[in-house]
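Each residue of the sequence shown is one higher than the last, beginning at 1306 in my numbering. All C-beta atoms in this analysis are idealised placements derived from N, C-alpha and C, irrespective of residue type, glycine included. Here the structure comes first, spelled out in structure tokens, and everything after it is commentary.
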Amino acid sequence: MGSTIDFTEPPLQELQHRHLLGLSTYSAAEIQLILKTAREFREVLERPIRRVPTLRGVTVANMFFEPSTRTRISFELAEKRLSAETISFSTSGSSLSKGETLLDTVRNIEAMKVDLAVIRHSSPGAAHFLSQRIGAQVINAGDGAHEHPTQALLDLFTMSEHFPDFNGLRVSIIGDMAHSRVARSNIFALTTLGAKVTICGPRTLMPAGVEELGVRLTSSLDEALNGCHVAMALRIQQERLGTSLIPSLREYNATFGLTLQHMKRHQELIVMHPGPVNRGVEIDSDVVDHERAVILNQVTNGVAVRMAVLYLLATGRA
């Protein structure tokens, strides 16, 4: 953790990994290569014709075993922008509801000669499990509370539009760490690039041993925001929390919610959120709509980042 790029070595031209399962094993050079490639594709998205023939003839299967809107649409759009052939799968009405196993479902889809598989699943490790059992390259689109690597990469890309260097960048991640795959991937990537990461939230939402990830832990929002460049609010996952981990959403907002007063006190701060936003819980409405809230920029950048990941994996495969 905490290593930075050795600029004495030539930059990478291709990824050293065959899959994107998480960012804990990705080097700083690999992460920077993805961000550099995403900048090139971001320019493509500004053209009148936002399509390139880069992955013509490559087939991508989008396999979402839990609900998703932003991530699924972002991947599908990225694939279309690259001229890839795509098939999309969801559990609704699928063979899984008839008793077929996850592995058999994926193998049947792979038998249709799929090159890359984008997988979201509620079980941590699902993407890793499948990568060892199918021939297609696997991209993890979120597995349980484990990792969500492309979300973290688009977050880093958005930060890079505002700050020239990650080394020494101070980022505070606020909220439900215990259930957040987004936070874990961000911590892995940010510390690898030399950023200083603080996590802030109720103790009941902090996983045991989180300090071992190389972050600073505080339960004071004011302390977390002091000297901070980027504040990333995490969604309170009401569907997973139940009623015992926080007293109420109103009390959570009063203690950990980002407000307009925070924006006034910290003039250089930019605010991020992986979405969907619970207005008035993690972030007050006037902060969501603030000029220094870059939440919609994150969504736009997600397409470019996913184009970069698809391109680098597909063109670097054996």
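- Here Ala1513 is exposed. Its C-beta has fewer than 16 other C-beta atoms within 10 Å.
- Residues Leu1530 of the same chain have their beta carbon placed closer than 7 Å to that of His1567, with the five preceding and five following residues left out of the count.
- Ala1598 has Val1576 as its beta-bridge partners, per DSSP.
- Taking the Cα positions, Ser1393 is about 6 Å away from Met1368.
- Sequence-distant Cβ neighbours of Asn1583 in its own chain, meaning closer than 7 Å and more than five residues away, are Arg1540 and Ile1541.
- Closest in C-alpha terms to Val1599, from the list Glu1517, Leu1618, His1534 and His1426, comes His1534.
- Residue Phe1468 holds the alpha-carbon nearest to the alpha-carbon of Leu1574 among Phe1468, Thr1376 and Ile1354.
- The DSSP-derived three-state label of Ala1536 is strand.
- Within 10 angstroms of the beta-carbon of Arg1486 lie 16 or more other beta-carbons, which makes it buried.
- Annotation: the continuous alpha helix (DSSP H) that includes Phe1561 extends over Leu1554 to Phe1561.
- DSSP, read as helix, strand or coil, puts Gln1321 in coil.
- Between Leu1387 and Thr1359, the CB-CB gap stays under 9 Å.
- Across the structure, Leu1617 and Ile1339 are spaced so that their CA atoms are roughly 8 Å apart.
- Per DSSP, the beta bridge partners of Ile1504 are Ile1478 and Leu1522.
- When C-alpha distances from Arg1508 are compared across Met1577, Thr1560 and Pro1372, the shortest belongs to Thr1560.
- In this structure Arg1361 is exposed. Its beta-carbon is surrounded by fewer than 16 other beta-carbon atoms within 10 angstroms.
- With fewer than 16 neighbouring CB atoms inside 10 Å of its own CB, Ala1416 falls in the exposed class.
- In this structure, Leu1320 and Gly1621 form a Cβ contact; the two beta carbons are roughly 5 Å apart against a cut-off of 8 Å.
- Counting along the chain, Val1357 sits inside no beta strand (DSSP E), nor does DSSP assign it H or E at all.
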